[in-house]
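Using numbering that gives the first Met the number 0, the letters of the sequence shown map in sequence onto residues 0 to 58.
Built from N, CA and C at the ideal position, the CB exists for glycine as well.
Just so it is clear, the structure is predicted and the values come from calculations on it, not from any experiment.
Down below is the structure, laid out as structure tokens.
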Amino acid sequence: MEFFYRITAQERCTISIFLTTFYLLDYSNWILLVFGFIDLGFGLWTLFVLKIDRKSDKE
0 MEFFYRITAQ
10 ERCTISIFLT
20 TFYLLDYSNW
30 ILLVFGFIDL
40 GFGLWTLFVL
50 KIDRKSDKE
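In structure tokens, the structure reads:
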């Protein structure tokens, strides 16, 4: 299950790049940019928690 969480967290970080590109090309509104940064934060948080969990399993 950790593999699934890691893949989805990485994809959540990728979505923010696409949403930023769409905003810069004037294909979307600023609210999607805000949503992208919020999603990026939660994706990074998920990766951080997985890293902490992996360290605690080794100890």
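Under the three-state DSSP convention, the category residue i falls into
i: residue 32; result: helix
i: residue 49; result: helix
i: residue 4; result: helix
i: residue 22; result: helix
i: residue 55; result: helix
Exposed unless 16 or more other CB atoms sit within 10 angstroms - verdict on residue i
i: residue 40; result: exposed
i: residue 24; result: exposed
Integer-rounded CB distance, given that residue j should sit under 8 angstroms from residue i
i: residue 27; j: residue 21; result: 4 angstroms
i: residue 34; j: residue 46; result: About 19 angstroms; that fails the 8 angstroms criterion.
Contact between the region 48–57 and the region 10–17 (3+ Cβ pairs under 8 angstroms): no
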